[in-house]
Amino acid sequence: MSKKPFPNIDLDGHDFPPSPAPSSPRPGRKYALATELVYTESNDQYNASSMPIYQSATFKQTSGSGGGEYDYTRSGNPTRTHLERHLAKIMSASRALVVSSGMGALDVVTRLLRPGDEVVTGDDLYGGTNRLLKYLATNNGITVHHVDTTNPESVRAAINTKTALVLLETPTNPLIKIVDIPAIATAVHAANPGALVVVDNTMLSPMLMNPLDLGADIVYESATKYLCGHHDVMAGVLAVKDETIGDKLFFTINATGCGLPPNECFLLMRGIKTLAIRMEKQQSNAQAVAEFLEAHGFRVRFPGLKSHPQHALHWSMARGAGAVLSFETGNVDVSERIVGSTKIWGISVSFGCVNSLISMPCRMSHASIDAKTRAERHMPEDIVRLCVGIEDISDLIDDLQTALVQAGAVRITADGFEAWGTGQTVAGGVQVKTDEEPVVDAPEVGAGAS
Ligand SMILES: Cc1ncc(COP(=O)(O)O)c(C=O)c1O
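Take a look at the structure:
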């Protein structure tokens, strides 16, 4: 039997102490999530209240056969472990892992696939996810089925013995469609017990939803968004309940070297502590903006609105609506002018940050999905996405209102103003788009960014 060269070093991550259970003030009572986000414990030698950055690639061993808890930062680092245990606690997981980006997290998941395996996923996916799956289908012998995941029956119909992963996003982005995670997880596990249900929880964060409690096997998210909250860190998070899956994911992270570096771990940990208060403000601002646009006649997609066709389903799984919404003007040029006319709303991909952002997904985050595919998936080219931050709500609405007027998106009425609406001619004589030619090979502005 081969002897491990460094028996005391836990290269495979098997001996990790269990992540701290939710810290209990006394038996029978748990702290609320907002408290858990802030509350941490560590065994730091100086009792530092903020976990220090262990900016060290290697760790000295006590003897030639090892002896230290850490040896090399690609395999493990105290700052990273602290963050991972904190995340496991708030994600309702037995193990969490942090890597260099959200796409890095999905890459780690897809390394579970073997040639011949099949993936079932949605038809309104984040552009970068779509691109990675397309790459795997083209180069690695993986078959990818894009189905309408808002209908659990379409997912179930696509499952067979070769299905290895079912990959879900909810709410989808930018169409804000809701996917029934419990119904799909039950159906998938019944049809093929070996298939793993994977949920990208970037749009909600653990503050608003715990997919592992809804039947998912793996949850991952771009921590670049809400978890960090300040657009100054790129990071991805993975979490599981089943530790054997966690071991496999850790193997890839250690083997490929995509674990999150200590500096980023520190910044992400700091961001997580303010998640609750940021999310609360971002959500209430998003609700006000959504109501403002809807009241003036725009078609708005936001699960916080009663008019959302899957309002009840969303609230059966989530604790909040999030802070991303989209609306349509009926005209691509008008949408472009709105995006170009705002001042406070920065024209940018991504979301989840403290400052508010505006974008045209079909020209930006989703440009990596070709126009023909976008058309097949009924993605309106004029859709405008708003990612709402923590600014003063009156300033946000004033700025948006000015942009709507300047862009000719609204007409003045006796009571104020209202959207021209799909199918009408807007101010300035710009004809509303109904059957615009698809833009083939659209340039990838901010390619693959969110
Ligand atoms: C829903 C979703 N998943 C995954 C990603 C990828 O994350 P990252 O940009 O951190 O690689 C993004 C955004 O970029 C996203 O919006």
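Numbering (our numbering), first residue to last: 1147 to 1596. Don't be surprised by glycine CBs; every beta carbon is placed ideally from N, CA and C.
*Between residue 1438 and the rest of its own chain, which residues show a CB-CB distance below 7 angstroms, the 5 nearest in sequence each way excluded?*
Residue mapping note: residue 1438 aligns to position 292 of the sequence shown, counting from 1. Excluding five sequence positions before and after residue 1438, the CB atoms of its chain that fall closer than 7 angstroms to its own CB belong to 1543, given in chain order.
*Mind checking residue 1241: buried by the 16 CB within 10 Å criterion, or exposed?*
Within the sequence shown, the letter at position 95 stands for residue 1241. When all chains shown are included, residue 1241 counts as buried.
_Under 7 angstroms: does the beta carbon of residue 1197 sit that close to some heavy atom of ligand 1?_
Position 51 of the sequence shown, counted from the start, is the residue given in the question as residue 1197. Not one heavy atom of ligand 1 sits closer than 7 angstroms to the Cβ of residue 1197.
*Does the distance from the C-beta atom of residue 1471 to that of residue 1448 stay below 8 angstroms?*
What you label residue 1471 is simply residue 325 of the sequence shown in a count that begins at 1. What you label residue 1448 is simply residue 302 of the sequence shown in a count that begins at 1. Yes. Within cutoff.
*Looking at residue 1421 and residue 1375, is the spacing between their C-beta atoms short of 8 angstroms?*
What you label residue 1375 is simply residue 229 of the sequence shown in a count that begins at 1. What you label residue 1421 is simply residue 275 of the sequence shown in a count that begins at 1. For residue 1375 and residue 1421, yes; Cβs fall inside 8 angstroms.
*Taking C-alpha atoms, which residue in 1195, 1373, 1435 and 1361 lies nearest to residue 1540?*
Within the sequence shown, the letter at position 394 stands for residue 1540. Out of 1195, 1373, 1435 and 1361, 1435 has the C-alpha closest to the C-alpha of residue 1540.
*In chain order, what residues of the same chain have a beta carbon less than 7 angstroms from the beta carbon of residue 1199, not counting five sequence neighbours either side?*
Looking up residue 1199 in the sequence shown gives position 53. Answer for residue 1199: 1225, 1408, 1409 and 1412, listed in chain order.
*Compute every distance between the C-beta of residue 1349 and the non-hydrogen atoms of ligand 1, then say whether any falls below 7 angstroms.*
Here residue 1349 refers to the residue found at position 203 when the sequence shown is read from its first residue. Residue 1349: yes, Cβ under 7 angstroms from ligand 1.
*Just to confirm, are residue 1504 and residue 1485 a CB contact at a threshold of 8 angstroms?*
Within the sequence shown, the letter at position 358 stands for residue 1504. Within the sequence shown, the letter at position 339 stands for residue 1485. Cβ atoms of residue 1504 and residue 1485: closer than 8 angstroms.
*Which first and last residues belong to the alpha helix (DSSP H) in which residue 1545 is found?*
On the sequence shown, position 399 is the one that residue 1545 refers to. Start and end: 1539 to 1552.
*residue 1373 (DSSP reduced to helix, strand or coil)*: The residue labelled residue 1373 in the question sits at position 227 within the sequence shown. Of the three classes helix, strand and coil, the one that applies to residue 1373 here is coil, per DSSP.
*Taking 7 angstroms as the cut-off, is the CB of residue 1319 close to at least one heavy atom of ligand 1?*
Indexing the sequence shown from 1 puts residue 1319 at position 173. Answer for residue 1319: yes, Cβ within range of ligand 1.
*Using CA coordinates, which residue listed in 1389, 1545 and 1356 is at the minimum distance from residue 1461?*
If you number the sequence shown from 1, residue 1461 lands on position 315. Taking only the C-alpha atoms, the option nearest residue 1461 is 1356.
_Using only the alpha-carbon positions, how far apart do residue 1269 and residue 1417 sit?_
By one-based count along the sequence shown, residue 1269 stands at place 123. By one-based count along the sequence shown, residue 1417 stands at place 271. Approximately 32 angstroms, taken between the alpha carbons.
*Take residue 1494 as the anchor and find which of 1506, 1500 and 1483 has the nearest alpha-carbon.*
Here residue 1494 refers to the residue found at position 348 when the sequence shown is read from its first residue. Of 1506, 1500 and 1483, the residue nearest in Cα terms is 1506.
*Given a threshold of 16 other Cβ atoms within 10 Å of its Cβ, counted over all protein chains shown, does residue 1558 qualify as buried or as exposed?*
Sequence index remark: in the sequence shown, residue 1558 carries index 412 (1-based). When all chains shown are included, residue 1558 counts as exposed.
_Residue burial classification, residue 1165 (beta-carbon count within 10 angstroms, cutoff 16)_ = For this step, residue 1165 is matched to residue 19 along the sequence shown. In this prediction, residue 1165 scores a pLDDT of 40, lower than 50, which makes its location untrustworthy; the coordinate-derived value is nonetheless stated afterwards. Its Cβ being crowded by 16 or more others within 10 Å, residue 1165 is buried.
_Beta-carbon contacts of residue 1344 that lie in its chain and below 8 angstroms, excluding the five residues immediately before and after_ = By 1-based counting over the sequence shown, the position of residue 1344 is 198. Hits under 8 angstroms: 1255, 1311, 1312, 1313, 1314, 1362, 1363, 1364, 1365 and 1366.
*Using alpha carbons as the reference points, say which of 1370, 1536 and 1517 lies closest to residue 1527.*
Working through the sequence shown from its first residue, we reach residue 1527 at position 381. Minimum Cα distance to residue 1527 is reached at 1517.
*Let me know the alpha helix (DSSP H) ranges lying completely inside the region 1447 to 1499, each 4 residues or longer, listed in chain order.*
As far as the region 1447 to 1499 is concerned, its whole alpha helix (DSSP H) runs of at least 4 residues are 1457 to 1463 and 1478 to 1487.
*Output yes or no for whether 8 angstroms exceeds the beta carbon distance between residue 1523 and residue 1508.*
On the sequence shown, position 377 is the one that residue 1523 refers to. On the sequence shown, position 362 is the one that residue 1508 refers to. Between residue 1523 and residue 1508, the C-beta spacing is not below 8 angstroms.
*First through last residue of the beta strand (DSSP E) which encompasses residue 1382*: The residue given as residue 1382 occupies position 236 in the sequence shown. Per DSSP, residue 1382 is one residue of the beta strand (DSSP E) stretching across 1382 to 1386.
*Compute every distance between the C-beta of residue 1447 and the non-hydrogen atoms of ligand 2, then say whether any falls below 7 angstroms.*
Ligand 2 is absent from the structure shown, which contains only ligand 1.
_Rounded distance between the beta-carbons of residue 1403 and residue 1244, thought under 8 angstroms_ = Here residue 1244 refers to the residue found at position 98 of the sequence shown. Here residue 1403 refers to the residue found at position 257 of the sequence shown. Wrong, their Cβ atoms sit about 13 angstroms apart, outside the cutoff.
*Less than 8 angstroms between the CB atoms is what I'm expecting for residue 1597 and residue 1478, so what's the real figure, rounded?*
With the chain represented from 1147 up to 1596, any question about residue 1597 goes unanswered, as that position is not in the structure.
*asked:* At a cut-off of 7 angstroms, would you count residue 1315 as near ligand 1, judging by its Cβ distance to the nearest heavy atom?
replied: Sequence index remark: in the sequence shown, residue 1315 carries index 169 (1-based). Result yes, Cβ under 7 angstroms from ligand 1.
*Under the three-state DSSP convention, the category residue 1253 falls into*: Numbered from 1 along the sequence shown, position 107 holds the residue referred to as residue 1253. Three-state result, residue 1253: helix.
_Endpoints, the beta strand (DSSP E) within which residue 1241 is located_ = Translated into the one-based positions of the sequence shown, residue 1241 becomes position 95. Annotation for residue 1241: the continuous beta strand (DSSP E) segment containing it runs 1241 to 1245.
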